[in-house]
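Each remark here refers to the structure printed beneath this line.
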Amino acid sequence: MSNEILHSRIQERFNDIFENPPEVPNYIVDNLRHELRPYQEQALRQFIYTQRSDTADIAFNHLLFHMATGSGKTLVLAGTILFLFKEKGHQNFIFFVNSDAIIKKTYDNLTNTGSSKYLFRKDGIVIDGEQITIQVVDVFPANPAENTIYLKLTTIQKLHMDLTNPRENGLTYESLENTKIVLLADEAHHINVLTRSDKRKLNTKEKQERTWEYTVSKLLRLNQENRLLEFTATIDLTKDALFHKYSDKIVYQYDLKRFMTDGYSKNVVLLRANEDDQTKMLHAMLLSQYRKYLAKENDIDLKPIILFKSNKIAISKNANQSFLSLVENLTIQQLEKIIQNGLAIYQNKMSIWHKMFNYYSKVNLEQVVRDLQWDFTKETILNANEQNFLSESNALLLNTLEEPDNPIRAIFAVAKLNEGWDVLNLFDIVRISEGATSTKTTTDSEAQLIGRGARYYPFEYNGEKSYQRRFDDKASDLKVIETLHYHTINENAYIKNLEKSLESANIQVKEDKYERLEAKVKPQIRKMDFFKNGKIYINKVVPTTDDDYKSFKDYNVSTTFEVDFESSIEKYFGSKVETYSGTKRHEEKLPINRHLLQKAIQRNKFYRFSTLKKYVPSISSMKEFIESPNFLGGISIIVSLPIGITVNNITPIQKLKIVDKFLAYAEKNIKNNFMKMRGTPIFEGVSFPELIDDYVVEISKVSNNIHMNEVKKPRNMRDHDWFIYDKAIVNGLEDDFINFINNYIDELKERYNNVYLIRNERKVKVVEINGTRGFMPDFLLYLKDKNYTYQVFLEPKGENLLKQDEWKQEFLLSLSDNPNIEILTENESVRLIGIKFYTNNTDLKNEFREDFIKKLL
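Per my numbering, the very first residue in the sequence shown carries number 189; after that it's consecutive.
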């Protein structure tokens, strides 16, 4: 049996040059309330592909969507309903789950147009100009009305009972024999005990569930046009029985690890501390409120939720009462003491606790206490441990936690919220009164809860709403509203168990391990005239217009594209030695015909005309874009091939992949360069203090994947009067560059009155003249003699970047002799000088040295 799942086989077919993968029809896109994310769109494309097959009734009548918690499986489910209704004539759908709690949520998702969670178009579903209604029923009508989707919502338990104990006017196998039905199973792993059990003896609960699986299977077999679509985030394909059952049914797979890597979730950070419950609850509340304050200061609407999790109902209820009492009796003096203790304990400035306590040390604590006592009251805290908690009203309250009129800020619970709990604004999970003896079963449950809590909260910032993290690579305090914190004990055995559970669930956990390095402008430098009154010169920029984009050249897309034909590589497990199939190569031009271009374009949705026209306004049709010598009609693709292979030996699929690479390269440059600011040859001065100031670099202490030469380290520069900062925070190559300058510093000081080297930490930016590409040179050398002030741009460059950044060197070298450059200055003569790149390559380093000496010495 093949060890490939259906998902992989479909993806292989999609890459076949002779295959035309389906697009998601407009009637689906237009009738869903939310825009489909790329992976949701791919899930529907793969589903549609199976259903348009001639053998769909036999080979693809039972399918599974294996998608991460929080990835929006229900929106994909809604898309499948629309497709099966429109293209397969299905009107009868049975949605079943394992829990009553999810029924109400699903009712809102699929039928309640007034709900914020409604998944279809707000104004109603319209297909081919006809209004389509969704009608919830208990039994399906014998004569269904036109333009109507009938939906039965039930639990698997009730469905089984209804069918095995038929009642008058109820659902029976007989009544369904001549009716096409679609079975929609959410959290589908519950119907698989029969499959999971293998040969071991079943317990009572499993025997009951076994009959559920039989019931579903019998329903599917009643009619050859019936469909069973399962949706789950949890299926263990390492179990042979489950793999055997589902390998040919997993129509789409998007696991949690990929979901998190793609940035669609919060980051997950474990906060480990051995504190008593009171302290832990108080700290979590302060962290939650810090999030709220920070969001408000940045005009972000956020009401963060805390979940206090216990393993016993009695403990949870006591913690709830204790928490209410703690908040009610909190005083300003107590809070002051808590903050002082916090700052004394958490001295690492990168720690979230240090940031939080530092924030509170600077604000009005009287107002903070008032806010806490208003936000955390009996009315704003939900206890999920009562027998009647999972009633319809509470289930609705629990699933509208993001709504502005939902007052809840904290929830106390045991383990009732793992499935079907759809909350995006949960940011803190706090473990209450749980010891270190947790079993693997317990930590597996915790991992599942963490996975649900990691759902991303989409917020609007700077006028844009995002469904992906945007602060991962930025030094921003707003990272805290893209992070789920799990507050737990610091005990090795328990943590090892938890980490194993998280790893099994594909949940990526980040440690709060950062070092904050600060470089300060030396006090004596700040007092000097050149710093107080001097200028740094950067070129003016002007907005681009549509007229600036009439060819690939205007987007910095090279019409000659060089690509290596992929070699085969052999690598022994455990060895770092790679053996390539051949190293001797030659170049040939790839023949490109219109069919090849059209096929490649179909595979990349950026090149749909409606999208492309937004970025390439000069084209009037796809025909023009494909044929015009200014665009695809003028490209040459040069392929580097092993000796003995010619372009005639390249298969159609390989040719298609090569064109795909060019289109991806062109797309990136088109997006990056459209409607940007264009550089001019006019340079104007900006005062030193405006661009040069103290700066901070956050360095991860976990740098397993970083080459040692790329790791940034602090270097003490206090004794070097020519360096304006007290330290240089540099990588290995930059450190070598500073040594080079140090070797020539005496000669420079003989030639110039002033010699100062400036580290440019993302402040001084220049833009290529008549182009849109900008960059920030790593160093500036400020020189002054009796006639001129010189601003020298210097850039250490790793060998791996030399080719792609060649344009930067050309720009720097043009500064000295471009006759169009105009420097706007009041009372001094300024010269701009660019030097060749400084690299580790011996020959290129000599070229840099010669250029440096020639131009400056």
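Think of the CB as a built atom: it goes at the ideal place given N, C-alpha and C, for glycine as much as any other residue.
Bear in mind the structure is a predicted one, so any value in this text is a computation, not a measurement.
Annotated as distal: Ile438 and Leu430, with beta-carbon spacing of 8 Å or more. When only Cα atoms are considered, Gln636 and Thr257 end up about 9 Å apart. With 16 or more other Cβ atoms from the protein chains shown falling within 10 Å of its own Cβ, Trp400 counts as buried. Buried is the label assigned to Asn508, since at least 16 other Cβ atoms lie within 10 Å of its Cβ.
DSSP lists Asn942, Thr977 as the bridge partner or partners of Lys972. If you look at Leu220, you'll find it isn't in any beta strand (DSSP E); DSSP assigns it neither H nor E.
Beta-carbon to beta-carbon, Thr360 and Phe284 are separated by about 16 Å, too far to satisfy the 8 Å threshold. For Ala693, the three-state secondary structure derived from DSSP is coil.
The shortest CA-to-CA distance from Arg460 to any of Ile620, Val324, Asn571 is the one to Ile620. Burial state of Leu1012 is exposed, judged by a 10 Å Cβ sphere holding fewer than 16 other Cβ atoms. Here the C-alpha atom of Glu375 lies approximately 50 Å from the C-alpha atom of Thr960. The continuous stretches of beta strand (DSSP E) do not include Thr799, which lies in the alpha helix (DSSP H) extending over residues 797-803. Restricting attention to Glu998, Leu1003, Val954, the CA atom closest to the CA of Tyr978 is found in Leu1003. Between the stretch 216-228 and the stretch 249-263 there are three or more C-beta pairs closer than 8 Å, enough to call the two in contact. According to the DSSP assignment, Pro869 belongs to the beta strand (DSSP E) that extends over 865-875. Within 10 angstroms of the beta-carbon of Ile533 lie fewer than 16 other beta-carbons, which makes it exposed. Within the stretch 588-669, the complete alpha helix (DSSP H) segments of 4 residues or longer fall at 628-641, listed in chain order. Three or more Cβ pairs drawn from the stretch 594-601 and the stretch 484-503 lie within less than 8 Å of each other, which places the two stretches in contact.
Counting along the chain, Leu989 sits inside no beta strand (DSSP E), nor does DSSP assign it H or E at all.
Buried is the label assigned to Gln345, since at least 16 other Cβ atoms lie within 10 Å of its Cβ. Phe545: member of the alpha helix (DSSP H) spanning 540-548, first to last residue.
With a contact defined as Cβ atoms closer than 8 Å, Ile669 and Arg479 qualify at about 6 Å. In its own chain, leaving out the 5 sequence neighbours on each side, no residue places its CB closer than 8 Å to the CB of Lys715.
Annotated three-state conformation of Arg1019 is strand, per DSSP. Approximately 5 Å separates the beta-carbon atoms of Phe876 and Gly722; this is inside 8 Å, confirming the contact. Annotated as distal: Gln997 and Lys1033, with beta-carbon spacing of 8 Å or more. Counting only runs of 3 or more residues that sit fully inside the stretch 390-449, the beta strand (DSSP E) segments are 415-420, 438-442, in chain order. In the three-state DSSP reduction, Glu211 falls in the coil class, being neither helix nor strand.
Cβ-Cβ distances below 6 Å link Ile313 to Asn219, Ile320 in the same chain, with the five nearest sequence neighbours on each side left out; the list follows chain order. In the three-state reduction of the DSSP assignment, His673 falls in the strand class, which pools E and B. Using a 10 angstroms sphere on the CB of Ser689, the tally of other CB atoms reaches 16 or more, which defines it as buried. In this structure, the alpha-carbon of Lys720 lies about 13 Å from that of Gly873. Residue state for Ser824 is assigned as strand, using DSSP reduced to three classes. Between the beta-carbon of Asn727 and that of Phe871 there is about 5 Å, and that keeps the pair under the 8 Å contact cut. Of the candidates Ser287, Val327, Lys276, the residue whose Cα lies closest to the Cα of Asn414 is Lys276.
Taking C-alpha positions only, Met905 is separated from Lys543 by approximately 28 Å.
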